[in-house]
Structures are given as C-alpha cells and as structure tokens.
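Below: the structure, in structure tokens.
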Amino acid sequence: MAKTLVLKAEIRERTGSKDAVRLRRAGRIPAIVYGHKKEPVAISVNAHTFVEGLHQGHRLIDVQIGSKKVKTIVKDVQYDHLGKDIVHADLMRVDIKEMVKVSVPIELKGTAKGTHEGGIVEEHADHLEIECRATDIPESIVVSVKEIDVGDALHAGDIELAEGIKLVSSPDTLLATCHLVAAAKTTEELEEEAPVAPEVITEAKPEEEGSEEEAK
Amino acid sequence: MAMMPKRVKYRKSQRGRMKGTACRSNYVAFGEYGLQALESSWITARNIEAGRVAATHFLHREGKVYLRVFPHKPVSSKPLETRMGKGKGEPEFWVARVRPGTVMFEIGGVTEDVAKQALVRVAHKMPIRCRFVKRRHSL
Chain A
1 MAKTLVLKAE
11 IRERTGSKDA
21 VRLRRAGRIP
31 AIVYGHKKEP
41 VAISVNAHTF
51 VEGLHQGHRL
61 IDVQIGSKKV
71 KTIVKDVQYD
81 HLGKDIVHAD
91 LMRVDIKEMV
101 KVSVPIELKG
111 TAKGTHEGGI
121 VEEHADHLEI
131 ECRATDIPES
141 IVVSVKEIDV
151 GDALHAGDIE
161 LAEGIKLVSS
171 PDTLLATCHL
181 VAAAKTTEEL
191 EEEAPVAPEV
201 ITEAKPEEEG
211 SEEEAK
Chain B
1001 MAMMPKRVKY
1011 RKSQRGRMKG
1021 TACRSNYVAF
1031 GEYGLQALES
1041 SWITARNIEA
1051 GRVAATHFLH
1061 REGKVYLRVF
1071 PHKPVSSKPL
1081 ETRMGKGKGE
1091 PEFWVARVRP
1101 GTVMFEIGGV
1111 TEDVAKQALV
1121 RVAHKMPIRC
1131 RFVKRRHSL
C-alpha cells in the first residue's frame, strides 16, 4: 500500500516564468494538477514538505486546494540544470481503484556470481514502466543479481513482479549485464591511434584541382 | 597527440562564448556516479586525458570509466615573438566546451565509496569546481 501525503496547495493566479521564480524564492514549488478530463489547475506547494515526501517514497498525494481535496500521483518532476532542486511538478488526478501507468526505479541487490571472476555488473536501465492500482505503487522494484555470471544479461521479462502489477515496458528491456572489463588503454596507445591532425572536409584536394585544370 | 576529432569541416574556429547552463548532458546516463561541472570552461584534451588516467589508475580494472565530453573545438595561437597580423595562428590544442551542470566523467560497476575517491582524483585534474553526483532513479 502506497503511503499518502497531504499537501496544502495554493492556486497560482499568475503564471509565467517570472512569477515561478518569485515562488521558488519564497520556498514554494510551482505545480500543475491535471487529468480526468477536467480543467488543469496551476498550484504551488511547499518545497520542503514536497521534497521530503518524495524522499520518503510518497507517490500518492492528497492535494488540498482550499476546502477541496484532490487525490493525485506525482507523474513528473523537473529539476534545475544541476539536478539539485525541483523546479516544477506534474500531479495527475487519480481514483483509488484506478489502474495507473508509472515508472518505478529498479534496485539491484546482491553480489553477482561473475564479480568473483573479475566481472562487473553494468546497470543499463534504472526504471521500469508498470501498471498497477494507484494505491499499490511500489517504492522500487528489487532485482536480485546474485545468479548473473560473466556474459549473462538480465531482462525486464525475467523479473517476478508482485501480484496486481503488470509490466508495461518491453520484456526485452535490458536491465543489467555482467562482463569482464577490458584493460584501459594507456596514453601512449591512444596517441598511436589518434591522428596527428584531423582531415579537413572542406579543404580542396590537390589531385582534384589538377584533374579540373586538365579537363579545362 | 591527445584526443581530437578525426574529421572536421573547418581547421580553425572562432573563440565563441559560453553563456547559460547545461540543458543536455546534465545527468548521469551510463554509469552510476559522475563528476559534474559547476562552472563554464574550456576543458583541454590534456585535462580530459589526465582525468581518465587518474580514474583508471585508481580503479585497477575494477569499474568502467565513461568520458562524457570530447574536445571538438580547435584553439589556435600565434608563435612567440611574432608581430601581430599576418593571419590567424595555427591550431595548437583542442578543447571541450563545458557549461555548469555538464556531467564530464562517469563511473560504473564500483561502490559509491570507491567511485567518490576516484572522482576526487579526477576533479583535481580539472580547471574548474566540480561536484560528485549519483544517478537519479526516475523521480
């Protein structure tokens, strides 16, 4: 059962980047509530409460707009250029019994067999699209990599999901592989491979010039 | 010679400006941990190579190092004791343009502690302030 967070929101009368910047300075996050074929509502929520809720794994949020309470899920979050602060959030209206499509992070657990033979586990995908009830959204999908040997791969189809959760991503989605690491090239080796000077595409080649003159 | 493109359209380029912040290449995409630039700067091919050597040397073939920047831009300079004029100088070295937020190096297949130690060594080779970042899982 997903945890529910109650957030007090204020309707944004004025939208636009300048007003959004002012809101962020005041410790709030601009957000939007949409879905269920109703008009979207531009709101702002307390940044600290929202971020803390996300860190605690809340996906279901009860947004209190005035005297109304709207059940939503966090559909998308935008970060700043450094990936530090949240600049905007998308909240989608949901019904408790409704099936929703969400992306859930994958957590690789355990030490792979192959690592004892000098291999490393490479993570190819960090989240999976699933379909489940709004109240049953898992915080993360734990995948055991214990059985992976050198040269083996783990696909989305290999994971056993809990009851009531359906995989939306392609079952062929590559999640993790275990492989040996090739020795890194030394600077000398790279220098040997690298060209002394790059080839210039637009530069006229002397042979072509000669042939053109002959043609004339 | 260090890293440089194999083919280019023009041999020399103007200096240009580096305004704004990184809108792309600003998240960890391949490995699990990364080194993010906090300032805008030219990162020379030598800087990149020094960082790569520092990381691979520390990791001892344990993890995998990803380079997320490539020196595409030629920088020319005039020889010493030359009078001004007589055309643009010859290309001397190659640089990557880095803006605040760009993830320059990534490491995968090692623990967070090891990755942090390796990336601190890489950061010492960089001419700008950097920070250690982790891959963000979806939200």
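Residue numbers (our numbering), protein chains in the order written: chain A, 1 to 216; chain B, 1001 to 1139. Built from N, CA and C at the ideal position, the CB exists for glycine as well.
- Only residues of its own chain outside the window of five on either side were considered, and among them Tyr34, Gly35, Thr72, Ile73 and Lys75 have a CB closer than 7 Å to the CB of methionine 92 of chain A, listed in chain order.
- Arginine 1136 of chain B and proline 1079 of chain B have their C-alpha atoms roughly 47 Å apart.
- Taking the Cα positions, leucine 23 of chain A is about 11 Å away from glutamate 10 of chain A.
- Rounded to the nearest angstrom, the Cβ distance from alanine 156 of chain A to leucine 167 of chain A is 6 Å, consistent with a contact under 8 Å.
- Sequence-distant partners of isoleucine 1128 of chain B (beyond 5 residues in either direction) whose C-beta falls short of 6 Å from its own C-beta, in its chain, are Ala1037, Glu1039 and Ser1041.
- Any Cβ of chain B closer than 8 Å to the Cβ of isoleucine 65 of chain A would place that residue at the interface, and such an atom is absent.
- DSSP places valine 6 of chain A in the strand class (E or B) of the three-state scheme.
- It is roughly 16 Å from the alpha-carbon of threonine 115 of chain A to the alpha-carbon of valine 1114 of chain B.
- For isoleucine 96 of chain A, no Cβ of chain B is located within less than 8 Å of the residue's own Cβ.
- Not a single C-beta of chain A is nearer than 8 Å to the C-beta of alanine 1123 of chain B.
- Chain B has no Cβ within less than 8 Å of the Cβ of glutamate 39 of chain A.
- Distance from the CA atom of isoleucine 120 of chain A to the CA atom of arginine 59 of chain A, rounded to whole angstroms, is 32 Å.
- Out of B:Thr1021, B:Lys1012, B:Pro1071 and B:Leu1139, the CA that lies nearest to the CA of glycine 1089 of chain B is found in B:Lys1012.
- Partner residues in the beta bridge of asparagine 46 of chain A, as assigned by DSSP, are A:Arg28.
- Contact between alanine 134 of chain A and valine 104 of chain A does not hold, since their C-beta atoms are separated by about 13 Å, which reaches or exceeds 8 Å.
- With at least 16 other beta carbons inside 10 angstroms of its own, leucine 7 of chain A counts as buried.
- With respect to the 8 Å criterion, arginine 1052 of chain B and valine 1065 of chain B are classified as neighbours on the basis of their beta carbons.
- Annotated three-state conformation of glutamine 56 of chain A is coil, per DSSP.
- Shown in chain order are the members of the region 1024 to 1055 of chain B whose Cβ falls below 8 Å from a Cβ of chain A: Asn1026, Tyr1027, Glu1032, Gln1036, Leu1038, Glu1049, Arg1052 and Val1053.
- In this chain, the alpha helix (DSSP H) harbouring aspartate 1113 of chain B covers 1112 to 1124.
- By the Cβ criterion, the region 143 to 160 of chain A is not in contact with the region 77 to 89 of chain A, since fewer than three pairs of Cβ atoms, one from each stretch, lie closer than 8 Å.
- For isoleucine 1048 of chain B, there is no enclosing beta strand (DSSP E); the residue is found in the alpha helix (DSSP H) stretching over 1045 to 1059.
- Of all residues in the region 184 to 203 of chain A, the ones placed with a Cβ closer than 7 Å to any Cβ belonging to chain B are Ala184, Thr187, Glu191, Ala194, Pro195, Val196, Pro198, Glu199, Val200, Ile201 and Thr202, in chain order.
- Neighbours of glutamate 122 of chain A in chain B, taken as residues at a C-beta separation under 8 Å, are given in chain order as Lys1064, Gly1108 and Gly1109.
- One finds Thr187, Leu190, Glu191 and Ala194 in chain A with Cβ atoms closer than 9 Å to the Cβ of alanine 1002 of chain B, taken in chain order.
- Within the same chain, and ignoring the five residues on either side of valine 45 of chain A in sequence, the residues whose Cβ sits closer than 6 Å to its Cβ are Leu7, Ala9, Ile29 and Ala31.
- Nearest CB-CB separation between valine 74 of chain A and chain B: below the 8 Å threshold.
- Here the C-alpha atom of lysine 113 of chain A lies approximately 26 Å from the C-alpha atom of glycine 1034 of chain B.
- Under DSSP, glycine 1108 of chain B forms a beta bridge with B:Lys1064.
- Take glutamate 1062 of chain B, set aside five residues on each side of it, and the residues of its chain with a beta-carbon closer than 8 Å to its own are Gly1109, Val1110 and Val1114, in chain order.
- For isoleucine 96 of chain A against isoleucine 65 of chain A, the beta-carbon gap comes to about 18 Å, at or over 8 Å, which does not count as contact.
- For alanine 1022 of chain B, the nearest beta carbon of chain A is closer than 8 Å to its own beta carbon.
- For the 8 Å CB-CB criterion, isoleucine 1043 of chain B and methionine 1104 of chain B form a contact.
- Shown here, threonine 72 of chain A sits in a strand according to DSSP, grouped into three states.
- Glycine 35 of chain A carries a strand assignment under DSSP once its states are collapsed to helix, strand and coil.
- Around the C-beta of threonine 177 of chain A, 16 or more other C-beta atoms lie within 10 Å, and the residue is accordingly described as buried.
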